[in-house]
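Here the numbering used here is used: the first residue of the sequence shown is 6, the next is one more, and so on.
Below is one structure, written out as structure tokens; the observations come after it.
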Amino acid sequence: MSMAGPIVASAPGKLFLIGEYAVLEGAPAILTAVDRRARVTLTDSDDEYWYLNAPNLDIDGLALGVDGHGPAETEPGLADRLRVYRAVLARVVAHIDTPLPPLNVHIDTTDFARDGHKLGLGSSAAVAAALSRALLARAGVEVGHAELAELAIAAHRDAQNGTGSGGDVATAVYGGIIGYTRDTAPTPLAWPPGLSGLVVVTGTGASTTDLVGRVYEYGKREPAGFASDIGRLAALAENAAEDLGQAVRFVRLAREFFEALIALDHHAKAGIVSERHHELHATAARHGAVFKSSGAGGGDVGLLFTTPNVDETALRREFDAAGADIIDLGFAAPGVALENETDSSAAPRATTGERGLR
6 MSMAGPIVAS APGKLFLIGE YAVLEGAPAI LTAVDRRARV TLTDSDDEYW YLNAPNLDID
66 GLALGVDGHG PAETEPGLAD RLRVYRAVLA RVVAHIDTPL PPLNVHIDTT DFARDGHKLG
126 LGSSAAVAAA LSRALLARAG VEVGHAELAE LAIAAHRDAQ NGTGSGGDVA TAVYGGIIGY
186 TRDTAPTPLA WPPGLSGLVV VTGTGASTTD LVGRVYEYGK REPAGFASDI GRLAALAENA
246 AEDLGQAVRF VRLAREFFEA LIALDHHAKA GIVSERHHEL HATAARHGAV FKSSGAGGGD
306 VGLLFTTPNV DETALRREFD AAGADIIDLG FAAPGVALEN ETDSSAAPRA TTGERGLR
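Encoded structure:
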């Protein structure tokens, strides 16, 4: 298994457009891949040991032993920072027939942070997809989208103690805009004419596992209330793929879904919807637009949806005056791919190259 040069794999981040939290209970969701990518580079090690560099995790030249799994925790938080790497490696090793050689592994998630704070674009899911793709390539194993997604989703769930819908990993693997129901193959979707989607920085990042954990604590505490709140979200999400085809209907759905999410958060006391979210939602409403949280919520980025009857210039001006930063993100980005990969069956292409979507 000699390697002529480095293996470089990358995978995109994601945004939930509709369906967050309900997707955990089997409801459909719509997600888009975004043009911020995690990059994994593999080179053969010069000795019998594996080594890991992950600057965004403050890991520099960490010796991982002869099996690649790394030492027992030698400093606070190290095991936590290694969770995704270790989970992916374990799944890949179990999947292949031939042992991997000792490798230098470099993981770069610079794209997923801004001013030192994570944006909530699914960096760990993108790493799971890119690292799985790179390790399988080093082993000489070719897999299709479905098999790769299954492996990477399982690894990501291992790293998250069994939680997660898998939608973020599926988006990282397939790319584009997808309709996703837990543990099923995604459906490719198209962005409707007349709908504008913009991404807004709302805070300094939040822990997805903490937020989801609080929601499920509410479920244990008040099962009937939890079932009612999730049921309301799920009923709205059922219409999402159909409503995405018509801009005005989708904006109305986004508003109703966010209101239902506010109710869930109020009852769960989870911290999904912040005061900042409420302020931006009210600002958008004054202009006939909709602002909603995306994904787990908390301090992560939010989404601003507008239709052609909205004066977007005036809306942007008011958001700017409120200190809300609209960032330049492209939607429907390509899925996981090896560097210089041109086979369209292995590297799905974006359905648009626009910044945001209109």
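Quick reminder that beta carbons are idealized off the backbone N, C-alpha and C, glycines included.
Every value quoted in this text rests on a predicted model; they were computed, and no experiment measured them.
message = Once the 5 residues before and after Leu-249 are set aside, which same chain residues still bring their CB inside 7 Å of it?
response = Working through the sequence shown from its first residue, we reach residue 249 at position 244. Taken in chain order, the residues that qualify are Ile-35, Leu-194, Pro-197, Phe-255.
request  = Can you grab the Cα-Cα spacing for the pair Asp-270 / His-122, in whole Å?
outcome  = On the sequence shown, position 265 is the one that residue 270 refers to. On the sequence shown, position 117 is the one that residue 122 refers to. Near 23 Å, if we compare the C-alpha coordinates of His-122 and Asp-270.
query = Between Gly-125, Val-71, Ala-245, Gly-31, which lies nearest to Ala-38 when the distance is taken from Cα to Cα?
reply = By one-based count along the sequence shown, residue 38 stands at place 33. Here the closest residue by C-alpha is Gly-125.
inquiry  = Quick check on Gly-307: buried or exposed, where buried means 16 or more other Cβ atoms within 10 Å of its Cβ?
reply    = Locating residue 307 in the sequence shown gives position 302, counting from the first residue. Flag for Gly-307 reads buried.
request  = Please report how far the alpha carbon of Gly-66 lies from the alpha carbon of Gly-340, in whole angstroms.
outcome  = Residue numbering aside, residue 66 sits at position 61 when the sequence shown is read from its first letter. Residue numbering aside, residue 340 sits at position 335 when the sequence shown is read from its first letter. C-alpha separation (whole angstroms): 28 Å.
key: Whole-angstrom C-beta distance between Phe-310 and Ala-294, which should lie under 8 Å   = Position 289 of the sequence shown holds residue 294. Position 305 of the sequence shown holds residue 310. Right, the Cβ-Cβ distance comes to about 6 Å (below 8 Å), so this counts as a contact.
key: Per-residue DSSP class, three states only, for Ala-287   = Taking the first residue of the sequence shown as position 1, residue 287 is located at position 282. Reduced to three states, the DSSP call for Ala-287 is helix.
request  = Tell whether a beta-carbon distance below 7 Å holds between Ala-131 and Gly-18.
outcome  = In the sequence shown, counting from the first residue as 1, residue 131 sits at position 126. In the sequence shown, counting from the first residue as 1, residue 18 sits at position 13. Cβ atoms of Ala-131 and Gly-18: closer than 7 Å.
request  = Rank Ala-151, Asn-166, Gly-202, Ser-201 by C-alpha distance to the C-alpha of Gly-180 and give the top, closest one.
outcome  = Walking along the sequence shown from the start, residue 180 turns up at place 175. The candidate whose alpha carbon is nearest that of Gly-180 is Ala-151.
task = Output the residue ranges of the alpha helix (DSSP H) runs that lie fully inside the segment 236-310 and measure 4 residues or longer, sorted by chain position.
result = 245-249, 252-273, 280-291
query = Arg-226: buried (16+ other C-beta within 10 angstroms of its C-beta) or exposed?
reply = As a working note, residue 226 is residue 221 in the sequence shown. Arg-226 is exposed by the Cβ-count criterion.
request  = Throw me the rounded Cβ distance for the Phe-263 and His-286 pair, which I believe falls under 8 Å.
outcome  = One-based indexing of the sequence shown puts residue 263 at position 258. One-based indexing of the sequence shown puts residue 286 at position 281. Confirmed, Cβ separation roughly 7 Å.
request  = Decide if Ser-279 is buried, meaning its Cβ has at least 16 other Cβ atoms within 10 Å, or exposed.
outcome  = Looking up residue 279 in the sequence shown gives position 274. Flag for Ser-279 reads buried.
ask   = Would Gly-71 be called buried (16 or more neighbouring beta carbons within 10 Å of its own) or exposed?
value = Position 66 of the sequence shown, counted from the start, is the residue given in the question as residue 71. It is Val, not Gly, that sits at residue 71 in the sequence shown. Classification of Val-71: exposed, given that the 10 Å Cβ count is below 16.
task = Apply the 10 Å Cβ neighbour rule to Pro-11 and answer buried if 16 or more other Cβ atoms are within range, or exposed otherwise.
result = Within the sequence shown, residue 11 is the residue found at index 6, counting from 1. With fewer than 16 Cβ atoms within 10 Å of its Cβ, Pro-11 is classed as exposed.
task = Have a look at Thr-114, Tyr-221, Val-315, Ala-342 and flag the residue whose alpha-carbon is nearest the alpha-carbon of Ala-27.
result = Counted from its first residue, the sequence shown places residue 27 at position 22. Considering only alpha carbons, the answer is Tyr-221.
ask   = What residues in its chain sit with their C-beta under 6 Å from that of Glu-25, if we drop five residues either side in the sequence?
value = Translated into positions along the sequence shown, residue 25 becomes position 20. Excluding residues within five positions, the ones whose Cβ falls inside 6 Å are Gly-300.
query = His-122 by DSSP, collapsed to three states: which one?
reply = Looking up residue 122 in the sequence shown gives position 117. If DSSP states are grouped into helix, strand and coil, His-122 belongs with the strands.
request  = Could you tell me the boundaries of the beta strand (DSSP E) in which Ser-128 lies?
outcome  = Reading the sequence shown from its first residue, position 123 is the one you call residue 128. It is not in any beta strand (DSSP E) - Ser-128 instead sits in the alpha helix (DSSP H) that spans 128-143.
key: Close-in-space but distant-in-sequence residues of the same chain around Asp-63 (CB under 8 Å, 5 per side omitted)   = Counting from one through the sequence shown, the residue named residue 63 turns up at place 58. Here the set comprises Arg-86.
message = DSSP has Asp-113 in a bridge; who is on the other side?
response = By 1-based counting over the sequence shown, the position of residue 113 is 108. DSSP lists Arg-44 as partners of Asp-113.
task = Check the DSSP bridge columns for Pro-193 and list the partner residues they point to.
result = In the sequence shown, the residue the question calls residue 193 occupies position 188. According to DSSP, which records beta bridges pairwise, Pro-193 is partnered with Ile-183.
ask   = When you compare only the Cα positions, how much space is there between Asp-234 and Leu-105?
value = Counting from 1 along the sequence shown, the entry for residue 234 is found at position 229. Counting from 1 along the sequence shown, the entry for residue 105 is found at position 100. The straight-line gap from Cα to Cα measures roughly 47 Å.
Outcome for Gly-75 when other beta-carbon atoms lying within 10 angstroms are tallied against a minimum of 16 = Here residue 75 corresponds to residue number 70 of the sequence shown, with the count starting at 1. Buried, by the Cβ-count rule.
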